[in-house]
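Notes for the one structure printed next.
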Amino acid sequence: MAMMAIIGMFFQDGLTGSAWGDWSLYTDSPLRAFESELGVQAPVGFFDPLGLSKDGDIEVFKRRREAELKHGRVAMFATMGFIVPEYFRFPGELSPTLGLKFADVPNGLAAISKVPFLGWAQWFVFCGLVDFGLYRADPSRAPGDYENGGILGVPNASGPMSDAEGRKRKLNAELANGRLAMVAIMGMLFQNGT
């Protein structure tokens, strides 16, 4: 992690002339267009060490924010899916034809070779149906706002939020937790794979 932070500082230094400052303070920086977006919060501020947003294209920024939210949400589920099987396994059989029980499947990367191909195929079809059917991006809405997606696909299960400041705080928390989960699951996978 420290090496990634140092590399980020070098990129930022090359793009803005300072490895320590807030990019949005540079008046000629197109990044000022994004200084009021969700996710710009202390202690980092607007974080873009590779300069992917330096062209100031708002549509590209929205598409990347959509991807960040989606990957963050998947990573939050993945970290839970990595931890929970250490303490709980479903009873019964995963594949009756192969005689494979849920308890026989190891946790982590070793599970990839244990789960039958058709099991993975079912999982990918299910995820594809959810992704392309239920959670379709709407350009008129904020990135990651799927209107009727609700909680686990139950329409409007979370209800509308009338408190604008509370909504912003919760959305910022979702972004921060998603970013942390992406780093956490990568750490878990590296630790598990070595």
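Basically the working numbering = 1-based index in the sequence shown + 38.
Glycine residues also receive a C-beta, built at the ideal position from the N, C-alpha and C atoms.
This structure is a prediction, so every number in the text was calculated from the model and none was measured.
Item	Value
What did DSSP end up calling Gly-231 once you bin it into helix, strand or coil?	helix
Measuring only the C-alpha atoms, how far is Lys-152 from Pro-144?	8 Å
Which residues in the same chain as Met-220 place their Cβ atom closer than 7 Å to its Cβ, once the five residues preceding and following it in sequence are excluded?	His-109, Gly-110 and Ala-113
Using CA coordinates, which residue listed in Gly-146, Asp-93 and Glu-131 is at the minimum distance from Ala-116?	Gly-146
Relative to the alpha-carbon of Pro-134, which residue among Arg-103, Pro-154, Ala-80 and Phe-120 has its alpha-carbon at the smallest distance?	Pro-154
Run the CB neighbour count on Phe-99, radius 10 Å, all protein chains shown included, and call it buried at 16 or more, exposed below.	buried
Gly-231: buried (16+ other C-beta within 10 angstroms of its C-beta) or exposed?	exposed
Assuming Glu-97 is part of the alpha helix (DSSP H), what are its boundary residues?	96-121
Distance check for Leu-136 and Val-208, CA to CA, integer angstroms please.	Here residue 208 turns out to be Lys, not Val, going by the sequence shown. Distance between the alpha carbons of Lys-208 and Leu-136 is about 45 Å.
Taking only three categories from DSSP, how would you classify Leu-156?	helix
Starting from Glu-131, follow the beta strand (DSSP E) in both directions and report where the run begins and ends.	131-133
When burial is assigned at 16 or more other CB atoms within 10 Å of the CB, is Leu-156 buried or exposed?	exposed
What did DSSP end up calling Gly-89 once you bin it into helix, strand or coil?	coil
Quick one: grab the DSSP three-state call for Leu-76.	coil
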